[in-house]
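Read through the structure below, which is laid out as structure tokens, and then see the notes.
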Amino acid sequence: MNKKVIKDYKLFLIVGVLLVVDGVMLGTWWGMDPFHIASKELSHSIEGDYEIVPIVESCASEYMTIWMGLIYAYKGLLLVIGCFLAWETRHVSIPALNDSKYIGMSVYNVVIMCTCGAAVSIIIKDQPTSAFIIIGLFIIFSTTITLCLLFVPKVSSRHFQFLHTIFKWFTLVSSWLSIRVT
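Heads up, the final residue of the sequence shown is numbered 182 in the UniProt record's numbering, and it's a clean run with no missing numbers.
Here is the structure:
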């Protein structure tokens, strides 16, 4: 069996490189194509003596679709790599990695939620209240499901071990008491 150990500093280095790539990409966008405020009037409505004119203000730039396409492509590639790694490690039977199946399911959960959230955010960007609620729900559900997949099995296993230990102590004490009484 070929054993490979990945040191912590290598993992931190990988995360650091990904953060630097994000920083360079966003810094380049900010430097080459700065943002400005874009206002868009939505359909007017008249209620009584008042006319309500909803205006949606957002950040925009001249080549925003190109920059967003680059970011979506880069992040999509990272998600595909994450899915590939989760798929390749699904049969790992190393005791230290016994939760790799749950990590894989968490990666799949994040991919599905990010894809749906990105699609919904593009489709309903002219309805800021609905977009905020739906995207917020995607974020909350994704985070909650991921945390439950990662920690509920560990907590329930630990709880079962705790109950088993209490039962053993109770049995030991009751047998000790029965010996003392007789």
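By construction, the Cβ of each residue, glycine as well, lies at the ideal position given by its N, Cα and C atoms.
Simplified DSSP assignment, three categories, for residue i
i, result
"PRO63", "Correcting the residue identity first, residue 63 is Tyr in this sequence and not Pro. It is coil, neither helix nor strand."
"VAL17", "helix"
"THR89", "coil"
"VAL5", "coil"
"ASP22", "helix"
Separation of residue j from residue i, as counted between CA atoms
i, j, result
"THR143", "THR115", "15 Å"
"LEU85", "LYS75", "15 Å"
"ILE37", "PRO153", "47 Å"
"ILE139", "THR89", "26 Å"
"TRP87", "SER106", "12 Å"
"LEU78", "GLU47", "49 Å"
"ILE171", "LEU147", "For the sequence presented, residue 171 should be read as Thr rather than Ile. Each residue's alpha carbon lies about 36 Å from the other."
"ASP22", "ALA131", "25 Å"
"VAL15", "MET25", "15 Å"
"TYR72", "MET64", "12 Å"
"ILE52", "ILE145", "40 Å"
"LEU137", "VAL56", "21 Å"
"SER58", "LYS40", "8 Å"
"VAL17", "ILE6", "16 Å"
"TYR108", "LEU70", "22 Å"
"VAL110", "SER100", "15 Å"
"LEU19", "SER156", "35 Å"
Cut-off 6 Å between Cβ atoms - residues of its own chain near residue i, not counting five sequence neighbours on either side
i, result
"SER61", "ASP33 and PHE35"
"LEU149", "TYR102, MET105 and SER106"
"PRO54", "LEU42"
"MET113", "PHE138 and SER142"
"ILE124", "SER130 and ALA131"
Terminal residues of the alpha helix (DSSP H) in which residue i lies
i, result
"ILE103", "100–123"
Residue i, enclosing beta strand (DSSP E) - first and last residue
i, result
"THR37", "Strictly speaking, residue 37 in this sequence is Ile, with Thr absent from that position. From DSSP, the beta strand (DSSP E) with ILE37 extends over 36–41."
Cut-off 7 Å between Cβ atoms - residues of its own chain near residue i, not counting five sequence neighbours on either side
i, result
"TYR50", "none"
"SER121", "ALA131 and ILE135"
"PHE151", "none"
Bridge-paired residues (DSSP) for residue i
i, result
"VAL56", "LYS40"
"GLU51", "ILE46"
Residues of its chain near residue i, where Cβ-Cβ distance is below 8 Å and the 5 sequence neighbours each way are ignored
i, result
"TRP67", "TRP29, ASP33 and SER61"
"ALA118", "TYR72"
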